[in-house]
């Protein structure tokens, strides 16, 4: 009880989630947000209780319930757990149901996590962009994924060269061919061309001029031969005087 009073004097009661006494002077304090735990450790990890100094150490795990939305109902929970494990342990993932209808799912998941580091508010999982909400989360812009503003008010520049957010330009090489220009001006139109090292030759349509000339010459020659043969026939058939 005295320990709780001492903690509340330094923090709000809303910052505390659990205080456990393991005996022999060992306590475990669980905060509701990582921010509150960080403030406690940054200010002073020592707390005076009845003239006794109690020193706390960060255990390295942050137990929190993460509400996950915009993840398709038929998408794999195993894939979701694999992506979340980058940030800590994932003991369980459950599905939220519609109140009053236990057999109807709302599609949202709730993951119980022991975080080592904060899960981003916006995360890409198996081709889907999902939103993660929990106590102490830092909200990100859905456009540039930088904290401090919403998508509707986003003015963060995007680099023409590396296509990353946060700066208008840089000296990164072209992603397609490695040249000194932006990808939009690259003459290598296909990524397969860049990996092969040369552009695929374009097929040229066959020329029809020579064929057309030969046809004309052949036709003209045939006409002349026909006229000569006609004259010979007329001369042979003409009566002699």
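Residue numbers (the UniProt record's numbering): 1 to 241. Here a beta-carbon is modelled for each residue, glycine too, at the ideal position from N, C-alpha and C.
1) Which class does residue 77 belong to by DSSP, given the choice of helix, strand or coil?
2) Closest by CA to residue 136, which one among 129, 117, 128 and 103?
3) For a test of the three-state rule: what should DSSP assign to residue 15, helix, strand or coil?
4) Going residue by residue through the region 98 to 131, where are the continuous beta strand (DSSP E) segments of at least 3 residues, counting only ones entirely within it?
5) Quick one: what does DSSP say residue 10 is sitting in, helix, strand or coil?
6) Would you mind reading off the limits of the beta strand (DSSP E) that contains residue 251?
7) Whole angstroms are fine: how far does the CA of residue 96 sit from the CA of residue 102?
8) For the beta strand (DSSP E) holding residue 144, just list the boundary residues, first then last.
9) Are the region 78 to 87 and the region 138 to 154 in contact at 8 Å, needing three or more beta carbon pairs?
10) Please tell me whether residue 108 and residue 68 are closer than 8 Å, where the distance is taken between their beta carbons.
11) For residue 18, which residues in the same chain have their Cβ closer than 6 Å to its Cβ, ignoring the five residues on either side in sequence?
12) Check the C-beta distance from residue 148 over to residue 115 and give it rounded, since I have them as a contact under 8 Å.
13) Would you kindly work out how many angstroms separate the C-alpha atoms of residue 16 and residue 23, rounded to a whole number?
14) Please determine, among 155, 113, 125 and 98, the residue with the shortest C-alpha to C-alpha distance to residue 61.
15) Does the ligand SAM have even one heavy atom less than 7 Å from the beta-carbon of residue 79?
16) Per the DSSP calculation, residue 68 is bridged to which residue(s)?
17) Name the DSSP beta bridge partners of residue 169, please?
Result, derived from the coordinates:
1) helix
2) 117
3) helix
4) 101 to 115 and 122 to 125
5) helix
6) Residue 251 falls outside the range modelled here, since the chain spans only 1 to 241, and no answer is possible.
7) 9 Å
8) Per DSSP, residue 144 belongs to no beta strand (DSSP E) and is neither H nor E.
9) no
10) yes
11) Closer than 6 Å at Cβ, skipping near neighbours: 30.
12) In fact, because the Cβ distance is near 22 Å, the residues do not count as touching under 8 Å.
13) The straight-line gap from Cα to Cα measures roughly 20 Å.
14) 113
15) In terms of ligand content, the structure shown is empty, and the ligand SAM therefore cannot be addressed.
16) 109 and 132
17) Its beta-bridge partners do not exist; DSSP assigns none.
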